[in-house]
Each structure stands twice: as C-alpha cells, then as structure tokens.
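Report on the structure given below.
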Amino acid sequence: MERQRLIVGITGASGMPIAAGVLRHLKKTDYETHLVMTRSAEITIRQETDMTPEDFRNLADIAYDNDDIGAAIASGSFKTAGMLVVPCSMKTLAGINSGFSEDLLLRAADVTLKERRKLVLCARECPLSSVHLRNMYELSMMGAVILPPMLGYYSRPSSVEACTEQIIGKLLDVFDIDIGDYKRWNGI
Ligand SMILES: Cc1cc2nc3c(=O)[nH]c(=O)nc-3n(C[C@H](O)[C@H](O)[C@H](O)COP(=O)(O)O)c2cc1C
Numbered sequence: 015m016e017r018q019r020l021i022v023g024i025t026g027a028s029g030m031p032i033a034a035g036v037l038r039h040l041k042k043t044d045y046e047t048h049l050v051m052t053r054s055a056e057i058t059i060r061q062e063t064d065m066t067p068e069d070f071r072n073l074a075d076i077a078y079d080n081d082d083i084g085a086a087i088a089s090g091s092f093k094t095a096g097m098l099v100v101p102c103s104m105k106t107l108a109g110i111n112s113g114f115s116e117d118l119l120l121r122a123a124d125v126t127l128k129e130r131r132k133l134v135l136c137a138r139e140c141p142l143s144s145v146h147l148r149n150m151y152e153l154s155m156m157g158a159v160i161l162p163p164m165l166g167y168y169s170r171p172s173s174v175e176a177c178t179e180q181i182i183g184k185l186l187d188v189f190d191i192d193i194g195d196y197k198r199w200n201g202i
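Each residue of the sequence shown is one higher than the one before, counting from 15 in my numbering.
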C-alpha cells in the first residue's frame, strides 16, 4: 500500500523547536513527509535552534525548493492527507487567505484548501492585530484549522520542552497521529 503523504510548510515565525519536533515525530510514522520552507524560516531556524536548514531537510522524506512552483505538491492531483504550516507567519497567513500563491509553500496551501483537505495553521504572533485576527477568522470559515502554539497549564508542564511536546501532540492529533506522551484530558 502507498504511504500517506503529509506536507509540512515552515515559515519565518517563531516556533522552530515545534517544527523540528513535528518532523522528528513524523519520521517515526508511516507518513511520507514533503517539506517546504521559506527563506525567512531559514533565518529563524538559525536564531532559535542549533540546527541548520539542512538538518530540517534531512528530517523529511522529500524537501522542495520554495521557488519550485512546478513541484508535485503544487498540484491537486498529487494526493496528500493535508498540510501543516508550522510555524505560520502572519505574512503567509495573509497570503493563504488571499490566494496569493507566489511561491511553492503558498501554492501548496492554496491547493490543500481547494481540494478540501486538512490545512492546519500553527499561526504565531503576539499580540494579534485586527488584520491577523480577520485572516484567521476567514481561513477558519474556509475550513482551515487555526492552531496557535498556545500554552495549556492543566497538564502541569515542567519545562519549555514539555510545553513544546504538548503543542506538537495537539498539531499531529488533527491527523490522528499519536505522539505517545500527548496528555489528554480525561475529566477531573
Ligand atoms: C527571529 C524571528 C522571529 C520572528 N517571529 C515572527 C512571528 O512570531 N510571527 C510572524 O508573523 N513573523 C515573525 N517574524 C517575521 C517574519 O519572519 C517575516 O514577516 C517574514 O517576512 C515572513 O515570511 P514568510 O512567511 O515567507 O516566512 C520573525 C522574524 C524573525 C527573524
């Protein structure tokens, strides 16, 4: 049987440890990961981690150049289970909302929406302006899942790593991928 494909888009918002964790967890699953990163993501990776963009690419099964708008993930006929943009900058959020598909990441998100596949946006900015909130609202109305990296304290996280893992668990849970130590609420 063919492996299910999942597109992972990484943009220049803050949250690279989350993106790295998502790729590491996906590597342990049967999913085939298709990665596309923006130029700003590469800058933020260097700022927020000890990894290089190449390290990120090595965690994926297939990594694309963001300028390669003729790549497989640019077409709806290339079947995928959906796309996760993690982290998702406010610029990319605006691009997806307006259908401004000027690079491969934006095009792949546009395709995911038009094919009615799961599009999960780990949108990150603080505070949020009315423009950001409007873009999130409109994308939510189109069916995208807006899943910002928001902390929940009910699992009593003891470290930044534990908070990061909880967010990764929530993001992958949308695709029914269980990371193992994701803490679910089972009532008081
Ligand atoms: C270290 C760093 C952190 C950033 N964090 C954010 C952020 O959390 N949210 C955001 O929308 N933009 C953030 N930016 C700005 C974006 O990288 C910038 O708007 C960029 O143009 C986004 O382009 P992209 O969507 O093509 O990746 C950050 C930039 C840097 C260098």
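Heads up, the beta-carbon is just placed ideally off N, CA and C, and yes, glycines get one too.
Query                                                                                                                                                      : Result
Assuming Arg130 and Cys102 form a contact by the criterion Cβ under 8 angstroms, report the distance between their Cβ atoms to the nearest whole angstrom. : With a Cβ gap of about 19 angstroms, Arg130 and Cys102 do not count as contacting.
Per DSSP, what kind of secondary structure is Ile202 in: helix, strand or coil?                                                                            : coil
Take Val100 as the anchor and find which of Asp75, Asp117, Leu49, Gly84 has the nearest alpha-carbon.                                                      : Leu49
DSSP three-state call for Glu152: helix, strand or coil?                                                                                                   : helix
Out of Ile76, Glu62, Leu118, Arg71, state which residue places its alpha-carbon closest to the alpha-carbon of Ser89.                                      : Leu118
Whose CB is closer than 6 angstroms to a heavy atom of ligand 1? List the residues in chain order.                                                         : Thr25, Gly26, Ala27, Ser28, Thr52, Ser54, Ala55, Ile57, Thr58, Gln61, Ser103, Met104, Lys105, Thr106, Arg138, Glu139
Quick one: grab the DSSP three-state call for Cys136.                                                                                                      : strand
Using only alpha-carbon positions, find the residue among Ala85, Leu135, Thr126, Ala86 that is nearest to Thr106.                                          : Leu135
For Tyr45, count neighbouring Cβ atoms within 10 angstroms of its own Cβ and tell me buried if that reaches 16, exposed if not.                            : buried
Rounded to whole angstroms, what is the Cα-Cα separation between Thr43 and Glu116?                                                                         : 31 angstroms
With distance defined between alpha-carbon atoms, name the residue in Ser172, Ser112, Thr25, Leu165 nearest to Glu62.                                      : Thr25
Please name the residue in Asn80, Val145, Met30 whose C-alpha comes closest to that of Asp69.                                                              : Met30
Would you say Asn200 and Leu153 are within 7 angstroms of each other, going by their C-beta atoms?                                                         : no
How long is the line joining the alpha carbons of Ile182 and Val36, rounded to whole angstroms?                                                            : 6 angstroms
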